[in-house]
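Reading the sequence shown from the start, the letters are residues 13 to 314 in this note's numbering.
Read through the structure below, which is laid out as structure tokens, and then see the notes.
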Amino acid sequence: MSSQTKLMIVDNNKKRRSSLKEFLSKHSFLIEEASDFSQASNKLLSANSFSILLFRLGSSEQHKISTIQSIRKFNPELGIIMLPGQIDTEFAVSLYKKGVIDHIIKPDNKAGLYSAVRNEVLKKDLLSDTRMYRERIERIKDQQEKDLKKALALEEIYDSTLENLMTALDLRDVETFGHSRTVAKYSQVLAKILGIKDPETLDNIKKGALLHDVGKIAIPDSILKKPSALSASEWEKIRLHPSLGYGLIKEIKLVQEVGNIILYHHERFEGGGYPNSLKKQEIPKEARIFAVADALDAITSY
């Protein structure tokens with residue numbers, strides 16, 4: 013993780029603040045602390061230098077939510093982690109559903125806290141890489157000379173961005189990434205059997221297969237790695253990962269074959285899949301190829 017990641021801890025209990033600061037400082041974060049939001053908001057609303065806000069509210073402080081919403085509006089990329097404290101759990105969950113906060117972690121769950129902070133750092137790094145990619149692409153587009161050297165430079169940026177995404181996926185779930193490598197190989201073989209010979213198309217099918225589960229980066233570890241059965245609401249969040257992954261890919265303008273595999277890899281030939289309940293020829297060819305490769309891996313893995 014970046015040694016420059018900056019956190020703000022807001023808690024009216026000095027001992028608890030010190031404990032959190034001591035724990036997080038071990039992981040090379042830059043930490044500032046405040047006893048309440050009136051003290052913290054000046055800093056949080058004056059610069060986008062903070063990556064994460066970690067806070068705890070007492071039962072009489074629910075009115076401070078409007079301040080948190082203002083901070084969120086000022087810095088949309090700020091990761092906001094709530095330590096429930098005396099706040100009613102149902103109220104905390106409602107804030108999560110409304111998008112006011114990103115995580116709800118019990119104060120004594122240090123492993124969960126570190127995981128949430130790590131995920132927010134990873135998310136911010138990915139957004140930063142995406143912005144950098146887009147800015148560099150725009151600069152290249154604005155240049156009049158479209159020579160070979162620039163084309164090669166663009167390809168290098170493209171491949172670097174893909175590598176960052178695949179590394180991020182590997183960090184979240186090694187097993188998922190191992191599966192992605194296998195289905196990428198199978199997808200290319202099947203595509204060749206079906207008569208696809210264009211090297212660029214084959215390469216895009218491989219990239220789409222490698223990144224098909226990239227949307228899981230945005231799914232909390234508490235759901236993604238839950239050892240017991242998922243609830244109905246948790247399954248709803250899991251089913252969002254194709255759309256989340258496609259949204260990320262659209263931001264870096266990857267080619268359509270890649271996006272089609274990411275968005276449609278859970279559609280089913282006879283219908284009933286997600287996110288769009290497509291069937292038969294409505295499903296893009298590359299996504300159908302991937303579905304066969306995915307089934308083949310499932311059969312041969314057990």
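Quick reminder that beta carbons are idealized off the backbone N, C-alpha and C, glycines included.
Quick caveat, the model's predicted, so the values are computed rather than measured.
Can you list, in chain order, the residues of its chain with a C-beta nearer than 6 Å to that of Lys-18? Leave out the 5 residues immediately preceding and following it. If you number the sequence shown from 1, residue 18 lands on position 6. Correct list, in chain order: Leu-42, Ser-61, Phe-62, Ser-63.
- Beta carbon of Tyr-198 nearer than 8 Å to that of Ala-52: If you number the sequence shown from 1, residue 198 lands on position 186. If you number the sequence shown from 1, residue 52 lands on position 40. In this structure, Ala-52 does not lie closer than 8 Å to Tyr-198 by Cβ.
Output the boundary residues of the alpha helix (DSSP H) element that contains Leu-222. As a first step, residue 222 is located in the sequence shown; it is residue number 210 there, counting from the start. Per DSSP, Leu-222 belongs to the alpha helix (DSSP H) from 211 to 222.
(Q) Just verifying my parser: in three-state terms, what is the DSSP assignment at Ala-59? (A) Working through the sequence shown from its first residue, we reach residue 59 at position 47. Coil.
ask   = Can you tell me whether Thr-79 is buried or exposed, with buried defined as 16 or more other CB within 10 angstroms of its CB?
value = Here residue 79 refers to the residue found at position 67 when the sequence shown is read from its first residue. Buried is the call here.
| query | Can you round the beta-carbon distance between Ser-255 and Pro-232 to whole angstroms, since I take them to be within the 8 Å contact cut? | reply | Here residue 255 refers to the residue found at position 243 of the sequence shown. Here residue 232 refers to the residue found at position 220 of the sequence shown. Between Pro-232 and Ser-255 the Cβ distance is about 16 Å, and since that is not below 8 Å, they are no contact.
From the DSSP output, in three-state form, read off Leu-164 for me.
-> Here residue 164 refers to the residue found at position 152 of the sequence shown. The predicted position of Leu-164 is uncertain, since its pLDDT is 48 and thus under 50; a value taken from the coordinates is nonetheless stated next. Correct three-state label for Leu-164: helix.
- Query: Helix, strand or coil: how does DSSP classify Arg-300 here?
  - Reply: Your numbering for residue 300 matches position 288 in the sequence shown. Arg-300: helix per DSSP, three-state reduction.
If Ile-301 and Ile-217 are in contact, beta carbons under 8 Å, what's the gap, nearest whole angstrom? Position 289 of the sequence shown, counting from 1, holds the residue named residue 301. Position 205 of the sequence shown, counting from 1, holds the residue named residue 217. With 8 Å as the limit, Ile-301 and Ile-217 qualify as a contact, their Cβ atoms being about 7 Å apart.
First through last residue of the beta strand (DSSP E) which encompasses Gly-91 = Here the question's residue 91 lines up with position 79 in the sequence shown. Residues 91 to 95.
field: Contact between the stretch 267 to 275 and the stretch 224 to 240 (3+ Cβ pairs under 8 Å)
entry: yes
Comparing C-alpha positions only, which one of Ser-31, Phe-49, Lys-38, His-39 sits nearest to Val-22? The count along the sequence shown starts at 1 and reaches residue 22 at position 10. Residue Phe-49 is the option with its Cα nearest to Val-22.
* Asked: Leaving out the 5 sequence neighbours to the left and right, which residues in its chain are closer than 8 Å to Ser-289 when beta-carbon positions are compared?
  -> Here residue 289 is taken as the residue at index 277 of the sequence shown, counted from 1. Around Ser-289: Glu-279, Gly-283.
Quiz item: DSSP puts Phe-67 in a beta bridge; with which residues?
Solution: Walking along the sequence shown from the start, residue 67 turns up at place 55. In DSSP, Phe-67 forms a bridge with Val-22, Met-94.
| query | Which term fits Ala-203, buried or exposed, when burial requires 16 or more other beta carbons within 10 angstroms of its beta carbon? | reply | The residue you call residue 203 lines up with position 191 of the sequence shown. Flag for Ala-203 reads buried.
Quiz item: Using CA coordinates, which residue listed in Leu-177, Tyr-108, Ala-221 is at the minimum distance from Gly-303?
Solution: Here residue 303 refers to the residue found at position 291 of the sequence shown. The sequence as given places Ala at residue 303; Gly does not occur at that position. Answer by Cα proximity: Ala-221.
What span of residues does the beta strand (DSSP E) with Glu-44 cover, start to end? Taking the sequence shown and counting its residues from 1, the one referred to as residue 44 is at position 32. Segment 42 to 46, the beta strand (DSSP E) holding Glu-44.
Using DSSP's beta-bridge definition, name the partner residues of His-115. As a first step, residue 115 is located in the sequence shown; it is residue number 103 there, counting from the start. Answer by DSSP bridge pairing, in chain order: Ile-93.
> So Glu-269 is in the alpha helix (DSSP H); what residue range does that whole segment cover?
Replying inline: Taking the sequence shown and counting its residues from 1, one reaches residue 269 at position 257. Unbroken alpha helix (DSSP H) run through Glu-269: 268 to 276.
*Since I believe Ile-83 is in contact with Leu-65 (beta carbons under 8 Å), could you give me their beta-carbon distance rounded to a whole number of angstroms?*
By 1-based counting over the sequence shown, the position of residue 65 is 53. By 1-based counting over the sequence shown, the position of residue 83 is 71. Yes, Leu-65 and Ile-83 are in contact; Cβ-Cβ is about 7 Å, under 8 Å.
Next on the checklist: By the DSSP assignment, the alpha helix (DSSP H) with Gln-81 in it spans what residues?
Outcome noted: Here residue 81 is taken as the residue at index 69 of the sequence shown, counted from 1. Start and end: 77 to 86.
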